[in-house]
Amino acid sequence: MKRLVVAAGLLVAGCGAREELKPAQNAPLPVAPYGAEATPTPGDLLKPPVQTRPARSDDLIESSDKRRSDEYDLPPS
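The sequence shown maps to residues 112 to 188 in our numbering.
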């Protein structure tokens, strides 16, 4: 019984689509965004913007400097 459940799970997991995304046939593309010079192509619409995968910054702290005194760091009153 367990083998049947595992086999069914593997079959269901393997039935996902492995094709590229394409716009629907005979469907109009979205209108050009406000201020854009031209309507984006399907390739432009499917390409993720830079903000979705920001560059990683691995800035290492090379020296530890003492903090300046903060005159506004007051105890609660």
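Heads up, the beta-carbon is just placed ideally off N, CA and C, and yes, glycines get one too.
Opening and closing residue of the alpha helix (DSSP H) in which residue i lies
i: G146; result: Neither: G146 is in no alpha helix (DSSP H) and is coded neither H nor E.
i: D155; result: P153 to L157
Reduced DSSP secondary structure (H/G/I, E/B, other) of residue i
i: K113; result: helix
i: A166; result: coil
i: S135; result: The identity of residue 135 in the sequence shown is Ala, whereas the question assumes Ser. In the structure shown, A135 sits in coil (DSSP, three-state: anything other than H, G, I, E or B).
Residue j beta carbon less than 8 angstroms from that of residue i
i: V142; j: T150; result: yes
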